[in-house]
Every structure is written in structure tokens, then in C-alpha cells.
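This report concerns only the one structure given below.
Number of protein chains: 2
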Amino acid sequence: MPKILLFGAGGVGSIYTYVLTQGGASVTAVCRSNYETVKKDGFTINSAIWGEGIQVKPEVVRTPEEARGTEWDYVISCSKAMPGSSPSTPDIIKPAISPRTAIVLCQNGIHIEDEFAKAFPNNAIISGAVYLPVTQTSPGFVTHGYIERLEIGTYPADAVKAHKDSVQTFADIFTAGKGTAHVFDDVQPRRWNKLITNASWNPLCALSRSKDIHLLNSTPSSKKMIYGIMLEVVKIAQACGYTDIIAKHADAQMERVVVQIPDRGIYPSMVGDALNLRPMEVEAIVGNTVRIAMEKGVEVPLLELTYTLIKALDESNRKRRDEKA
Amino acid sequence: MPKILLFGAGGVGSIYTYVLTQGGASVTAVCRSNYETVKKDGFTINSAIWGEGIQVKPEVVRTPEEARGTEWDYVISCSKAMPGSSPSTPDIIKPAISPRTAIVLCQNGIHIEDEFAKAFPNNAIISGAVYLPVTQTSPGFVTHGYIERLEIGTYPADAVKAHKDSVQTFADIFTAGKGTAHVFDDVQPRRWNKLITNASWNPLCALSRSKDIHLLNSTPSSKKMIYGIMLEVVKIAQACGYTDIIAKHADAQMERVVVQIPDRGIYPSMVGDALNLRPMEVEAIVGNTVRIAMEKGVEVPLLELTYTLIKALDESNRKRRDEKA
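Here's what the structure looks like:
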């Protein structure tokens, strides 16, 4: 029975705990704010796909340090991607990493694998693009919508066979647990494809404190602007050699919102962070993207302005959070 | 003794009440939230230029309707510029306008004069760019910094001589009251010059909820982005034929902030509106600017993105304000 430690046991983490447990793994969740509830009652999940009132009760620890001494087959990070933060996520999970542990990153953003690959140069690094609309409405209680899909592959793409095998084994557990995992020989194009949505809707809605549909309808230029940022992401991906990432992918992302009725719409996850003065995934989603563009000599004025604004907002939110504390 | 009705008796309005009263005019202020205080005790002004504890006690009314029947020489609007709002400011001040009344607009933004000129085609319209750092800290109590300058001229620039004379008379009263009024044959270039600052710092700081210096330091791209928006404003001004507006004016506006020490900085006025869910001068400062660019065929991607975001923020703030009420 594979032993899995799951770090970041929020919305995504709870669903993955459920799927992997169903798939036959022994899952231990690192819980922070929801420790007491999950320790006592596990997670309660209402899922549009799998049904209401699903219960799953993993082993629970408070920190990766508490999980030291077990030979974990997989350590999965479902926490927010905060490259450059201190302490780093690699530092935090280090006590739980043994030579045989594969590290699975179920996180948003681009080039977020670098600091894990540097910290654990001999371990398998598995990178995943997560499609999973889910919210932890109160500690341990989770609501999940209609989409569930995980796209994974090794980082880097040309990893050794043992690491490739490790990806396939993980996908098999996931699939056995009623999840949808697709293995890619090179998962980076999949991350770029997801970034088209994340680097546009997320920061723009957070800055304007708006639902996607309200941002889209705010001015005659809105669609052109949002789409313009998507196309900048496409240009960067192409400059990185991912020529399969084309404008059509942006079209699909626009269409998803355009068809919504005006009084509905959704708040992308970064808006909740912005409204509640929580740290946002600014560097993973926007900062790294802009830096890659600079390195490749790609002009991305709209992304650059977005980065300036969302970075300043993240910092001013931090100041307000500190003042409240 | 010229009779002046002042609409929008907040920070700027209180200072102008003081200056014009000192200059020999009879000033009546239209007061809303500060009516009781100003009716009883007038305004109390602490000014870095003129001194502490200055008192000025104008006549006070609650609405322009209350001021009907008097032949006002000047009706000055110091309220926020909200072109397109309903009821419009022209509608609101209409009861106080007689054929002899000159209408003075001491307001931010560009092309804000249009709806006044349409509503009062035979009256003198006087347009002013205001430089006056001032805050009403509580109803009737005002703090004013080191700068005081009013640049005025007729709208349109080729007005009849009687209207030109009306500008000069107003400037003379202002100057007699220790104010600094400069009359321009065409005041529009002066409005564009002020817009360089207003269309950049104001919305960008409001979106990021930041002080100017913190926005400037947020990313390696920040200066380029802020300056980029300033240059877009310069390009539009030039396309409108105001070829005296050049990049040098943007340089001066950047320098003013660059020299600030990092833990200081200021919140441009739009930030206060954003943080307190008050309406922002989005159309006057950004929307009209973008529309003029479109008409002239000038590409302004950074301003367009700024407009999309600040317009959506203004609308989401309105929704939050309505929910609170």
C-alpha cells in the first residue's frame, strides 16, 4: 500500500485525499487551520460528481516534521505556490522527504518546480496542472463542482525511467480512486495552457474585486484586454518552444466566460485572497511569467502592468493584514 | 460685490471659499454632509501657506435649488467630476444659473466641460486645472499643504470677449484673495498636463490600494509602466493638436515621486475613494481619455487595461456600498 503525505489540506487537498484513499493509498494529511476538525471527523465533501456528504478520514499531522521517519512514497503539495517565500515549501516538507520519495506538485503557476528540483536533485519531481473547482467552506467541509482533471508528468520532461514510472504509478492510484489523471511525457505545455486562464482572469478580477463576467462587461475594451493578456501568455509559451500552445486555447478560455449570464459569473480564487487580505500566488502565476518573457525577449506590456499592480496590491494587503494582527 | 455660488464645498471648495471671500466676493456654499457644521461655525482651515486656524464663514444652502432667484455672477463646481452620472451636475446646478452666470469648473479630468456647454450654450464656461493638496479631515475642518495654483481659461478657447473678460475678472478676485490664478487663452493644454499625473497615479494606486512610492517600487517594471501610461496621455494630447505637451512633462511627474523616501509616499485621492467604497472619477480621468484616443486612432494599451480594471472596481465598489446600505 503506497504511503502518501499530503501537504496543503484545503479544498484541493481534501479531494485528493479522498481520491487517493479510494485508490488504495494510505494518506496522511498535514493540516493547519482545520487540524482539530479533520483529526476528529475527517473531511466532509459535497461533490457535484461523486455525491453529497462523502466522508474521508485520513491520518493527520500538524507539520511535515511530525511525519519524519516514515518512508513516504509520495509527498504531494496542494498548498498555494509561493516561490521565493521564506521559509520555502521545500524547506518545510524536507523532514518528510527520503531518497525514495516522489514529490508531486499540484499547484498553479509556471516554473514553480525549480526550487523543488534544486532542493531535491535526486528525487522524482512530478508536476501537475489541476482542474478542480473546490472551496473549503468551513474547516474540513468542502464543496466541489463539476470539473475534475489532473494533468501530470515529470519535471524535467527528460527524467530517468524510474521517475517516469513513478508518475504512472501515481496516475494509476488516482484513476483507481475514480479520479481523472492524464500522464504527459512533457507536462509543461499543459501548465502553459492552464496559465492562459490563471494569468489573466485571476489577477484582473483580484485587482477589480470583480466576478469574471463583470470584468468582461466593464468597458468596450475589456474583452480585448483580457484576451490580449492571454495572447501574451501564448507568445511566451511559443518562445519557450511550446508551439502547440496557440490562440485557439485562449479562445476557448474566453468563450467559457462569454456565455455566462450577466448576473452570475464566478470569483476566481485570487479574488477571495485579495478580499480577505491573504497572500496571493503573484510570483507563481504572474511574476515568473513576466520574467520568462523578459529572458526570451518577448514584449508583454499588459502582463507587465498586471504584475506591477497585483504585486503592489499583495504588498499593501500584507501591510493591512499586519496592522490588523 | 460679485456674488458667487460654490457647489461641492469639500476640501477644495473650502479653500476657494476662503480665497474668494478674501478677494471681495460674497460666497454662498452649497453644503451637503458638512451643512450643520459650516452653517454654525464656517470652515476651519489649517494651511501650510496661509497659516493655522483660519476661519471663513460663507452663507450656506443645502442645494442649488435653495439658491434659486439670486443673480449669481459665478457658479463654481468643486465637486468630483462625474460626466454621464444621473442626475448630472448641470441638472443639479441649473436652478442657480441665470443668463449672466459664468460657470467655473474646478475639477479633474478631460472633456468634462462638454455636458455643461450643451446644457448652458450661452453662458460663459470657465475651465480650471486645480493644484491644491487638501483634505477635509472632518466636516468643516480642512488641512491644506504647500501647493496652491489654479490655471483657468474659457471653454471653448475661442469664446466671445465677454466670456474672456469673465475669466479675467474671476482671476482678479482670486488673486486679490491671495490665491494664485493663471489665465490661459487656451486652458486645454494645461488640463492635459495635469491629466498626465491624474490618469496614471490615481487609478494605478487605487487598483493596488497603494501609496505612490510603494507602487513605484513594487516590481522592476513599475516605473516603465507608470511612465508608459503618462506617455500614452502625451500621445493623445499631441494627436489633439496640443503639441506643447511633451515627454518632459511626464518626466517631471515621475521625478516628484522618485525622490520620495520609501517609507513615505502619498495616497492619491482616488485611493481614499476606493478604500471607502465611494464613487471614483473614472470617466472624467480615464474613460474620456481612452475614448479620445480611440477617436484619434491612438493606440493606448496600458490606459485601456487601466480603464477596464478601474471601471470594474468602481462598479464592484458600488455593489458593496449598496449591500452595506
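If you read the protein sequences in the order shown, they are chains U and X.
Take the first sequence: its position 28, counting from 1, is numbered 28 in full-length UniProt numbering, and each next residue is one higher.
Take the second sequence: its position 188, counting from 1, is numbered 188 in full-length UniProt numbering, and each next residue is one higher.
Each residue gets a CB set at the ideal place from its N, CA and C atoms; glycine is no exception.
Residues bridged to residue i (per DSSP)
i      : result
L6/U   : A29/U, I76/U
I126/U : V104/U, T154/U
I110/U : Bridge partners of I110/U: none, in fact.
G51/U  : S47/U
T219/X : BP columns for T219/X are empty, so no partner.
Y131/U : R149/U
E59/U  : T28/U
V142/X : I45/X, Q136/X
A181/X : L150/X
Residues near residue i by beta carbon distance below 6 Å, same chain, minus five either side
i             : result
I292/X        : I236
I226/X        : S200
I196/U        : M230, V233, H249, A250, Q253
residue 334/X : Because chain X in this structure spans residues 1 to 325, residue 334/X falls outside the shown range and cannot be described.
A29/X         : L6, A9, T17, P58, V60
W192/X        : A237, Y242, I245
Y146/U        : A48
R320/U        : L277
E52/X         : N46
K194/U        : A129
G84/U         : E283
Cβ pair residue i, residue j closer than 8 Å
i      : j      : result
Y267/X : G287/X : no
L20/U  : F174/U : yes
E23/U  : G177/U : A quick correction: the sequence has Gly, not Glu, at residue 23/U. Yes, Cβ-Cβ distance for G23/U and G177/U is below 8 Å.
D186/X : A157/X : yes
S86/U  : C106/U : no
A96/X  : N123/X : no
L132/X : I15/X  : yes
I126/U : V61/U  : no
V134/X : H144/X : yes
V142/U : I49/U  : no
E65/U  : R100/U : no
A325/U : M280/U : no
V151/U : R190/U : Here residue 151/U is Glu; the residue named in the question, Val, does not match the sequence. Yes. Within cutoff.
A81/X  : I112/X : yes
V298/X : A239/X : yes
Test: residue i CB closer than 8 Å to a CB of chain C
i     : result
P83/U : Among the chains of the structure shown, chain C does not appear; the protein chains present are U and X.
Cβ shell of residue i (< 7 Å), same chain only, five flanking positions each side left out
i             : result
K164/U        : T154
N317/X        : A274, L277
P139/X        : S33, N34, T37
residue 326/U : Shown here, chain U extends from 1 to 325; a query on residue 326/U therefore has no answer.
S222/X        : L215, L216
S88/X         : E115
T137/X        : T143
G265/X        : K211, D212, I213, H214
V271/U        : C205, A206, R209
heavy atom of the ligand ATP below 7 Å from residue i C-beta
i     : result
P95/X : The ligand ATP is not among the ligands present in this structure, which contains no ligands whatsoever.
Distance between beta carbons of residue j and residue i, contact taken as under 8 Å
i      : j      : result
L303/U : A312/X : Not a contact, Cβ separation roughly 18 Å.
A284/U : G109/U : 3 Å
V290/X : V300/X : 6 Å
A181/X : A171/X : 4 Å
Classification of residue i by the beta-carbon crowding that lies within 10 angstroms, buried from 16 upward
i             : result
I310/U        : buried
G42/U         : buried
E323/X        : exposed
residue 331/U : A query on residue 331/U cannot be resolved here, the shown segment of chain U reaching from 1 to 325 and no further.
residue 355/U : There is no way to answer for residue 355/U, as the model of chain U reaches only from 1 to 325.
A247/X        : exposed
G228/U        : buried
I93/X         : buried
D314/X        : buried
G11/X         : buried
Own chain, CB closer than 8 Å to residue i, minus 5 neighbours either side, in chain order
i      : result
S218/X : S208, S210
P2/X   : G24, A25, S26, D73, Y74, T169, I173
S269/X : N202
V258/X : L216, K223
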